[in-house]
Amino acid sequence: MRAPKYKWQPTTAEIAAATGLLPEDVERFDHNTSPFRTGWAAEVAATALADVNEYPGASYRPLREAAAKLCGLQPEQIVPGAGADEMILLSARAFLELGDTAIASTPTYPLYEIATVQAGGVFQPVPTDPPSFNYPADAVIRAARDADLTWICAPSNPIGNAVDDDVVEAVIAATDGLVVIDAAYAEFADTDWSSLVDRHHNAVVLRTMSKAFGLAGTRVGYAMAHPDLITEIDGIRPPGSISSISAAIAIAALQRPDAMENTVRQIQALRTELSDSLAGLGFRVLPSQTNFVLCEVGRNAHELAGQLMGEGLVVRKFPDDGPLAGYLRFTVRSAAAQTRLITTMERYLP
Ligand SMILES: Cc1ncc(COP(=O)(O)O)c(C=O)c1O
């Protein structure tokens, strides 16, 4: 089976060129990144630059230690990589053999299918039903029994809803295969899946520095699992996919979780404002445990996304032939950016 191709989003510079706007006037409501700049990182980067002639230490031991301390685990239960994305690709390559089956509730993060097929596996979707898009726990548990790998996006992108702890436990208990829990948005949901790793030999939990920590540009993420599984991933990962500068910034961020928690509280407050404003425009807004909200806009969703794009406001739309055709997804941004979004939408709505 040919792997589906990842669809790259246009860059801010490309959008600016196409719309005639300045890059600083383009607002990304589509990337689920943080609206807050991490100014302190400049000093850490400057210190790390002094040794930029050398490779980063291939074991990334200090980064493993910092992540392990924050998660209450041992460094042997952690392996870092270039974002959660690299950990998804490595998990598929490490744990799937030719013809193996991997499942996930859909719609979901597209890289699970791409990683599965690239690794020679077969991807089987377990559909989630509109309009609630509640996690299809029973169907996933049934399908997981015969699956070699189960991807769980918790909380879910693009829906935004959480997956209950007992559902995750039930999926892990139901299968002899591996369960990969992509917890990219866990900090916004007050969920900590770290303890799963101590209790289950077949669970891998993925984390990222891109969302709550506001460090998407550093490209750092990590996997947590039993040391046996970590050894498998370690054995196939590239020796240096995280630059020494990125590793230094990630370590500093992991050592100051208070800053991240403060950011999360601000984003949660802004999320409430954004949801209320979108609901005020007459749209159905789905509950969110993440840094974005999914919104049912109706038949004109793509047209509206195009109009907003023309104004430099980039929102996420979904394929015409899928269950989210009439939906748009909005990342939480600054209060000013959100006001600009809502007032612009008001102009375009009938
Ligand atoms: C569910 C999910 N997993 C992984 C990623 C990628 O994270 P990273 O930037 O760490 O590669 C994203 C980014 O949007 C995501 O939504």
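Heads up, the sequence shown stops at 334 in this note's numbering, and the numbers go up one at a time, no gaps. Glycine is no exception: its CB is placed at the ideal position from the N, C-alpha and C atoms. No experiment lies behind these values; they were computed from the predicted model shown.
Sequence-distant residues of the same chain with beta carbon closer than 6 Å to residue i, five excluded per side
i: Leu262; result: Val269, Cys279
i: Ala88; result: Tyr96, Trp135
i: Arg244; result: It should be noted that the sequence gives Met, not Arg, for residue 244. Here the set comprises Ala196, Phe197.
i: Ala(-3); result: Pro7
i: Ser318; result: Pro19
i: Pro59; result: Arg48, Glu49, Ala52
i: Thr92; result: Cys137
i: Ala127; result: Ile87, Val110
i: Ala200; result: Thr17, Ser194
i: Ala209; result: Val181, Val188
Residue nearest to residue i in terms of C-alpha spacing, selected from the options
i: Glu295; options: Ala200, Gly23, Leu325; result: Leu325
i: Leu312; options: Arg283, Thr327, Glu330; result: Arg283
i: Tyr(-10); options: Gly205, Gln252, Pro94, Ala200; result: Pro94
i: Ile156; options: Asn145, Tyr169, Ser140, Asp122; result: Asp122
i: Gln273; options: Ile(-1), Ala42, Val316, Gly23; result: Val316
i: Leu80; options: Ile98, Ser178, Gly23, His15; result: Ile98
i: Gln61; options: Gly266, Val189, Glu8; result: Val189
i: Ala68; options: Ala170, Asp305, Asp212, Gly56; result: Ala170
i: Glu153; options: Gly201, Gln252, Ile72, Leu180; result: Leu180
i: Ala207; options: Ala167, Ile125, Leu133, His184; result: Ala167
i: Asn16; options: Thr328, Ala127, Val298; result: Val298
i: Gln239; options: Leu82, Pro109, Asp9, Ala25; result: Ala25
i: Pro139; options: Pro271, Ala0, Thr328; result: Pro271
i: Ala236; options: Ala1, Gly219, Gly23, His210; result: Gly23
i: Ile125; options: Ser116, Asp160, Ala285, Pro114; result: Asp160
i: Glu70; options: Ser194, Val106, Thr328, Thr256; result: Ser194
i: Asp176; options: Cys55, Gln250, Arg183, His185; result: Cys55
i: Asn145; options: Gly201, Thr(-5), Met329, Asp174; result: Asp174
i: Ile251; options: Pro334, Met329, Thr(-5), Arg21; result: Arg21
Contact under 9 Å by Cβ, residue i with residue j
i: Ala234; j: Leu47; result: yes
i: Arg203; j: Ser230; result: yes
i: Gly205; j: Thr215; result: no
i: Tyr39; j: Pro241; result: no
i: Pro111; j: Thr85; result: no
i: Arg300; j: Phe314; result: yes
i: Phe370; j: Val248; result: This structure leaves residue 370 out entirely; the chain is present only between -15 and 334.
i: Arg344; j: Gln108; result: The shown model of the chain, from -15 to 334, leaves out residue 344, and the question about it has no answer.
i: Ala187; j: Ile165; result: yes
i: Gln322; j: Leu258; result: yes
i: Leu133; j: Thr100; result: yes
i: Asp9; j: Ala2; result: no
i: Asp212; j: His184; result: no
i: Pro307; j: Pro114; result: yes
Run of the alpha helix (DSSP H) containing residue i, from where it starts to where it stops
i: Ala372; result: In this structure the chain extends from -15 to 334, so residue 372 is not present and cannot be described.
i: Arg45; result: 45 to 55
i: Leu278; result: No alpha helix (DSSP H) holds Leu278; the beta strand (DSSP E) holding it covers 276 to 280.
i: Pro(-6); result: Per DSSP, Pro(-6) belongs to no alpha helix (DSSP H) and is neither H nor E.
Counted within 10 angstroms of its Cβ, other Cβ atoms place residue i as buried (16 or more) or exposed
i: Leu162; result: buried
i: Ile226; result: buried
i: Asn141; result: buried
i: Ser43; result: exposed
i: Val36; result: exposed
i: Asn118; result: exposed
i: Glu287; result: exposed
i: Arg(-14); result: exposed
i: Gln(-7); result: exposed
i: Gln41; result: The sequence given here has Gly at residue 41, not Gln. Result: exposed.
i: Ala34; result: exposed
i: Ala320; result: exposed
i: Asn246; result: exposed
Neighbourhood of residue i by C-beta distance below 8 Å, restricted to the same chain and skipping five residues each side
i: Pro303; result: Ala309
i: Asp148; result: Tyr119, Ala121
i: Ala232; result: Val28, Ala29, Thr31, Ala32
i: Gly104; result: Leu80, Glu81, Leu82, Gly83, Asp84
i: Ile143; result: Pro91, Thr112, Phe117, Leu270, Leu278
i: Ser178; result: Cys55, Gly56, Leu57, Val189, Met208
Host beta strand (DSSP E) of residue i (start-end)
i: Tyr206; result: 205 to 208
i: Val28; result: No beta strand (DSSP E) contains Val28, which is instead part of the alpha helix (DSSP H) from 25 to 33.
i: Thr85; result: 85 to 90
i: Pro64; result: 62 to 65
i: Arg313; result: 311 to 315
i: Thr134; result: 133 to 137
Same chain only: Cβ atoms within 7 Å of residue i, ignoring 5 sequence neighbours per side
i: Arg221; result: Val63, Gly65, Leu74
i: Gln291; result: Tyr332
i: Phe267; result: Cys279, Glu280, Val281
Exercise. Name all residues in chain order for which at least one heavy atom of ligand 3 lies closer than 6 Å to the residue's CB.
Key: Looking at this structure, you won't find ligand 3 anywhere; what it does contain is ligand 1.
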